[in-house]
Every structure is written in C-alpha cells, then in structure tokens.
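Asks: Quick one: this structure, given as structure tokens, is what I'll be asking you about.
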Amino acid sequence: MTSTVDAQIFDGPGQPFRLERLPIPTPGPGERVVAIRCATLCGSDVHTVEGRRREPTPAILGHEGIGDVVTAGAGVENDVGRRVTWTLADSCGHCRFCQQFDLPQKCDDLFKYGHAGLTDGTGLNGTYASHVLLRQGTHLVDIPDTISDSVAAPANCALATAVAAIDALPDRLERVLIQGAGLLGFYAAALLRQQGVASVWCCDPIASRRQLVSAWDVTAIDLHE
Numbered sequence: 056m057t058s059t060v061d062a063q064i065f066d067g068p069g070q071p072f073r074l075e076r077l078p079i080p081t082p083g084p085g086e087r088v089v090a091i092r093c094a095t096l097c098g099s100d101v102h103t104v105e106g107r108r109r110e111p112t113p114a115i116l117g118h119e120g121i122g123d124v125v126t127a128g129a130g131v132e133n134d135v136g137r138r139v140t141w142t143l144a145d146s147c148g149h150c151r152f153c154q155q156f157d158l159p160q161k162c163d164d165l166f167k168y169g170h171a172g173l174t175d176g177t178g179l180n181g182t183y184a185s186h187v188l189l190r191q192g193t194h195l196v197d198i199p200d201t202i203s204d205s206v207a208a209p210a211n212c213a214l215a216t217a218v219a220a221i222d223a224l225p226d227r228l229e230r231v232l233i234q235g236a237g238l239l240g241f242y243a244a245a246l247l248r249q250q251g252v253a254s255v256w257c258c259d260p261i262a263s264r265r266q267l268v269s270a271w272d273v274t275a276i277d278l279h280e
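Below you can see the structure in the form of structure tokens.
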C-alpha cells in the first residue's frame, strides 16, 4: 500500500484547490483508513467553495464517498478489504443524545467529514483525496457488488436525507409535491413512488431536470409557466 495520500486542499472561497501529498497515518483503535473509489459533490460543498457556507481552512472537503478499507486499528482489524460507505458524521456513543435519545447526529462531540480543517485529528477528513481516515464512532455500511460506486457514493448524505424526510411524513399519503428536482428531489420521488403514493408532483425551473423526473411517473411542473 502507498505511504502517502494525494489530497485536494481547499484554502477558502475564490482560491484554487491545490494538490498536496500527505502521509497516511497509522489508524488508532477503532479507526480505519479507506482508499476512495468514488466521491460525489454535495450542495454543501458547492456552498462552501462559493463562500455561502463558512468552514475551517485549509481543509479537505467532501463527505459523499465509497471506498475500500486498506488498514484498520485495534478492534476492527477484520474490516480490511471491505467495500463500504459510512455515516457522514462521527459520534461519541456516550453522551445523552447518543444513548438516551438515539440521536447520534446531535452528539455533544459531533464530527462531520468534509467540514473540518487539516489541524483536526489527522487532517484526512474529506473524500476529495485518495484516502480518508474514519474515526472510531463512524458506522460503516457494506456495499454489495450489484451496486456501482457512483450509485453508492451519495447514499450517506443525499439518499439518507431523503429517507429521513419521507420517514417523517404521515402514512397513507395520496399526493405529494417535491420542490426541486436535484438529487434530493430524485431520491424523494423514487422513494415516494416505491411506497405507492398515487400522485407525486415535482417543480423545478430547469427543463432538463423536469424531463428526467417525469420519466419516473412523476408530474413535472414549471412554476414560471
């Protein structure tokens, strides 16, 4: 295995990304080093690059990804070789949110991949690099061979967000309007149709998006008409 990581470093809005080579750390207990196979762009990354969202810099952005575990620390040595995606946040597992409320995403010591600076831990905190280090409280999900890298990469953010939103909806819905036919909208449309919602509508100002979502038996709407 290579001893270095190729990483795209973000220094702040208006500045070009720069390629930097960093050492691969030795993972501690419960940690894994994952070689990135595919990473996708989230809207939050775009907002950060444009300056609409402020994050620590310099940093390695990106949190939607899939990869292979190449080294692992004590207690998780058998994870080497797994093809996985992972939760976009790392939680402690001990605070009241983790234990009492089952809300690890609200952990007192929450860490979010792709939203931390190079000085936070090993610095290998984002997917816009050849490798990422997954911390001890990060949940891994095995990806079957029948699912491609590009389909699996955004599952931990865009798909998870759509699933969480639809889980909060009332039962026995007849009609639903989705605002926006980006990736979140596509996921929501597919999930609603899978659940048997009879009438799914989706509005978006971009004609190509409306055309794509309408192919899924969804009524596309142009609000400007």
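Position in the sequence shown (first residue = 1) + 55 = our numbering. Even glycine gets a Cβ: it sits at the ideal position worked out from N, Cα and C.
(1) What are the boundary residues of the beta strand (DSSP E) that SER254 is part of?
(2) Enumerate in chain order the residues of its own chain whose CB-to-CB distance from ALA90 is below 7 Å, with the five nearest sequence positions on each side excluded.
(3) Going by DSSP, which residues form a beta bridge with LYS167?
(4) Measure the Cβ-Cβ separation of ALA127 and VAL139 and say whether it is below 7 Å.
(5) Output the boundary residues of the alpha helix (DSSP H) element that contains GLN63.
(6) I'd like to check one pair, GLY192 with ASP145: are the Cβ atoms closer than 7 Å?
(7) Since I believe LEU232 is in contact with THR216 (beta carbons under 8 Å), could you give me their beta-carbon distance rounded to a whole number of angstroms?
(8) Specify whether the stretch 61 to 73 and the stretch 101 to 121 touch according to this definition: at least 3 beta carbon pairs, one from each stretch, less than 8 Å apart.
(9) How many angstroms separate the CA atom of ARG151 from the CA atom of ARG190?
(10) Taking the CB atoms as reference points, tell me whether THR177 and PRO80 lie closer together than 7 Å.
(11) Just checking my contact of ALA244 with VAL255 at CB under 8 Å: how many whole Å lie between their CB atoms?
(12) When you compare only the Cα positions, how much space is there between HIS194 and ASP272?
(13) On a Cα-Cα basis, can you pick out the residue from GLY251, HIS279, PHE72, HIS118 that is closest to GLU229?
(14) Check this for me: beta carbons of VAL88 and LEU173, under 7 Å apart or not?
(15) Starting from the C-beta of GLY130, find all residues in its chain whose C-beta is less than 7 Å away, skip the five residues before and the five after it, and write them out in chain order.
(16) Tell me the rounded alpha-carbon separation between LEU77 and GLN160.
(17) Using a Cβ-Cβ cut-off of 6 Å (strictly less than) and excluding sequence neighbours within five positions of THR274, which residues of its own chain qualify?
(18) For GLU75, write down the residues that DSSP places opposite it in a beta bridge.
(19) Can you give the Cα-Cα distance for ARG137 and ASP197, rounded to whole angstroms?
(20) Candidates ASP175, THR59, TRP141: which alpha carbon is nearest ILE115's?
(21) With respect to the alpha helix (DSSP H) encompassing GLN266, which residues constitute its N-terminal and C-terminal limits?
(22) Along the alpha helix (DSSP H) that carries HIS149, what are the first and last residues, could you check?
Replies: This is what the structure holds:
(1) 254 to 258
(2) GLY122, ASP123, VAL125, SER185, HIS186
(3) ALA144
(4) no
(5) Counting along the chain, GLN63 falls outside any alpha helix (DSSP H), though it belongs to the beta strand (DSSP E) covering 59 to 64.
(6) yes
(7) That pair is no contact at about 18 Å.
(8) yes
(9) 20 Å
(10) yes
(11) 6 Å
(12) 34 Å
(13) GLY251
(14) no
(15) PRO84, GLY85
(16) 29 Å
(17) TRP256
(18) ALA62
(19) 7 Å
(20) ASP175
(21) 262 to 269
(22) Per DSSP, HIS149 belongs to no alpha helix (DSSP H) and is neither H nor E.
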